[in-house]
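Shown next, in structure tokens, is the structure this report addresses.
There are 2 protein chains.
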Amino acid sequence: MKIVCIGAGRLAHHLMPALQRSGCMVVQLYNRSEPPLTELAHKLHVESHTTKLEEIYPDADLYFLTIADDVVGKIASKLIKIQNEDAIIVHCSGTLPLDIIPIHHRGVFYPLQTFSEDHETDWTQTPIIITSDDAYSLSKLYTIALRISGSVYTMSDEQKAYLHLAAVFANNFTNHMLSVAEKICTTHGVHFEILKPLIESTIKKALGLGPEKSQTGPAVRGDDQTIEKHLRMLQEDHDLGEIYRLITERIRRK
Amino acid sequence: MKIVCIGAGRLAHHLMPALQRSGCMVVQLYNRSEPPLTELAHKLHVESHTTKLEEIYPDADLYFLTIADDVVGKIASKLIKIQNEDAIIVHCSGTLPLDIIPIHHRGVFYPLQTFSEDHETDWTQTPIIITSDDAYSLSKLYTIALRISGSVYTMSDEQKAYLHLAAVFANNFTNHMLSVAEKICTTHGVHFEILKPLIESTIKKALGLGPEKSQTGPAVRGDDQTIEKHLRMLQEDHDLGEIYRLITERIRRK
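In order, the protein sequences belong to chains A and B. Numbering-wise (our numbering), the first sequence opens with residue 392 and increments by one. Numbering-wise (our numbering), the second sequence opens with residue 392 and increments by one.
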């Protein structure tokens with residue numbers, strides 16, 4: 392499998408080494424700007440790298456788009472004029488539909504993980520979601536995904552979009568709840584560190600029992616006095632009070 | 392230290408064994424109903440247990456109120472007529488103020504943790520918050536807390552109340568975000584399990600880097616297209632859409 396990687400951002404930095412280790416050959420890298428490109432080329436020992444779309448090799452087996460969502464459509468449309476017709480074009484976006492790539496051999500290869508600049512990714516623990524309407528592409532992508540991850544799933548465009556929405560709640564919004572907790576602590580001279588064991592137990596319980604069963608707190612107990620006290624404490628931050636009120640109502644209704 | 396434990400709920404089931412192991416003597420248990428009382432008495436090998444307040448021993452050193460918030464004031468007022476004047480009365484609530492106990496030797500002993508019915512608590516990893524306006528009580532409680540936990544903090548009533556509010560965000564609301572994610576997944580035929588590695592990384596990063604720095608997602612990227620798509624996907628659940636909108640706005644403002 393000869394791969395051309397379009398984009399040299401964080402995802403490419405994590406995914407391409409994993410693909411190499413699984414036996415794929417990364418033959419060329421493209422990025423619109425030079426600096427991250429040379430760094431990634433060095434890391435992967437790939438000689439051919441370019442900032443010009445027209446220099447992209449036409450004869451690879453797989454073109455991986457690891458670029459920002461808002462340029463995937465545009466780059467895919469240019470790419471189909473370059474590559475040979477047996478090649479597969481793949482994007483890695485959780486939100487974009489499959490048909491943003493306007494050719495037959497196409498797919499989505501969406502790793503559901505948060506990638507750090509300074510931490511290696513444990514690919515064996517990273518679920519990979521595959522979407523395709525083409526049996527040939529699906530089979531190729533599934534095989535590659537299974538070589539780097541222990542959990543590979545095929546999904547429809549719609550399911551993937553809902554999974555991505557769920558991930559926003561589970562990752563981004565959960566993180567924001569922790570930001571709010573940190574802010575409340577530091578504003579009142581309390582170390583956020585104190586909450587760490589509680590946060591760790593919360594997640595352990597939620598993943599063990601399921602979050603529905605592990606819900607605790609004033610809302611689930613129907614403890615109106617505490618809820619009213621908290622709303623008074625939040626009255627200087629209108630939106631945060633509203634978030635508190637809405638989440639509390641949802642928990643109570645269950 | 393002779394301790395009388397008022398209440399035989401989940402907290403008593405976790406805290407009293409820890410106090411016994413640290414060298415305290417639990418001499419009597421009180422609970423308004425019999426069943427949990429006999430179970431706890433058996434677990435602790437404590438012979439004296441009662442459902443009648445007037446039978447509570449007057450000569451213990453420490454009376455631990457492990458009862459529901461809404462009865463702490465009432466029981467404390469009755470207790471001060473029973474116990475000897477050198478004894479300390481302590482409640483364990485994150486929300487109630489210290490002065491709900493109307494005597495001189497008083498304190499709050501608030502373990503910041505979520506207790507499970509079926510899991511032992513790791514007390515070495517459980518922060519204990521001590522509040523008191525009486526030097527004698529403070530010193531006694533601090534000493535006891537240090538024997539069972541590695542992290543003991545003294546705080547004012549106000550700080551403790553804000554810590555509790557922060558804990559609602561960090562524990563209860565974080566858990567609800569995971570409930571929402573689970574619901575979105577199951578409604579669309581996607582296994583919630585797929586999100587587990589992402590959730591674990593999210594928490595690891597948030598606790599490592601701090602949640603402010605580890606924030607990712609469409610809101611922080613200013614990815615309006617994705618945000619609008621998500622709001623459309625949520626339009627059948629008005630409150631959830633509103634929660635999405637409010638949290639997204641807060642993340643963007645930063």
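We treat Cβ as the ideally placed atom computed from N, Cα and C, and that holds for glycine.
{"query": "Beta-bridge partners of residue 439(A), as assigned by DSSP", "result": "419(A)"}
{"query": "Spatial neighbours of residue 413(B) in its chain, beta-carbon cut-off 6 Å, leaving aside the 5 residues before and after", "result": "538, 539"}
{"query": "Pairwise C-alpha distance: residue 536(B) and residue 498(B)", "result": "12 Å"}
{"query": "Exposure of residue 475(A), with buried meaning 16 or more beta-carbon neighbours within 10 Å", "result": "exposed"}
{"query": "Alpha helix (DSSP H) runs contained entirely in the region 562–636 of chain A, provided each spans 4 or more residues", "result": "565–578, 587–600, 609–612, 615–624"}
{"query": "Nearest-angstrom beta carbon gap, residue 559(B) and residue 601(A) [assumed within contact, 8 Å]", "result": "Going by Cβ atoms, the distance from residue 601(A) to residue 559(B) rounds to 20 Å, so no, they are not a contact pair."}
{"query": "DSSP three-state assignment for residue 501(B), whether helix, strand or coil", "result": "strand"}
{"query": "Three-pair Cβ contact test at 8 Å for the region 571–585 of chain B versus the region 541–557 of chain A", "result": "yes"}
{"query": "Endpoints, the alpha helix (DSSP H) within which residue 482(B) is located", "result": "That residue, residue 482(B), is in no alpha helix (DSSP H); its beta strand (DSSP E) goes 479–482."}
{"query": "The region 507–515 of chain B touching the region 463–479 of chain B, judged by at least three CB pairs closer than 8 Å", "result": "no"}
{"query": "Cutoff 8 Å: residue 619(B) Cβ touching any chain A Cβ", "result": "no"}
{"query": "Where the alpha helix (DSSP H) containing residue 462(A) begins and where it ends", "result": "460–470"}
{"query": "Per-residue DSSP class, three states only, for residue 487(B)", "result": "coil"}
{"query": "Selection from 431(A), 493(A), 467(A), 503(A) that minimises the alpha carbon distance to residue 586(B)", "result": "503(A)"}
{"query": "Pairwise C-alpha distance: residue 533(A) and residue 403(A)", "result": "19 Å"}
{"query": "Assigned exposure category for residue 398(A) - 16 Cβ within 10 Å defines buried", "result": "buried"}
{"query": "Beta carbon of residue 419(B) nearer than 8 Å to that of residue 440(B)", "result": "yes"}
{"query": "For residue 448(B) and residue 470(B), believed in contact at Cβ under 8 Å, the rounded distance", "result": "Their Cβ separation, rounded to whole angstroms, is 11 Å, which puts residue 470(B) and residue 448(B) out of contact at 8 Å."}
{"query": "Inter-residue spacing [alpha-carbon to alpha-carbon] between residue 407(B) and residue 505(A)", "result": "41 Å"}
{"query": "Within 7 Å of chain A by C-beta, residues of the region 475–488 of chain B in sequence order", "result": "486"}
{"query": "Proximity test, Cβ basis, 8 Å: residue 544(B) and chain A", "result": "yes"}
{"query": "Reference residue 501(B); option with closest CA among 626(B), 424(B), 542(B)", "result": "542(B)"}
{"query": "Classification of residue 626(A) by the beta-carbon crowding that lies within 10 angstroms, buried from 16 upward", "result": "exposed"}
{"query": "Proximity below 8 Å, CB of residue 459(B) to CB of residue 566(A)", "result": "no"}
{"query": "Three-pair Cβ contact test at 8 Å for the region 515–532 of chain B versus the region 475–489 of chain B", "result": "yes"}
{"query": "Positions along the region 595–616 of chain A whose CB lies within less than 8 Å of some CB in chain B", "result": "596, 597, 598, 601, 602, 603, 605, 606, 607, 608, 609, 610, 611, 614, 616"}
{"query": "Straight-line Cα distance separating residue 610(A) from residue 633(A)", "result": "14 Å"}
{"query": "Per-residue DSSP class, three states only, for residue 393(B)", "result": "strand"}
{"query": "Contact list for the region 564–588 of chain A against chain B, Cβ threshold 9 Å", "result": "564, 565, 566, 567, 568, 569, 570, 571, 572, 573, 574, 575, 576, 578, 579, 580, 581, 582, 583, 584, 585, 586, 587, 588"}
{"query": "Residue 506(A) (DSSP reduced to helix, strand or coil)", "result": "coil"}
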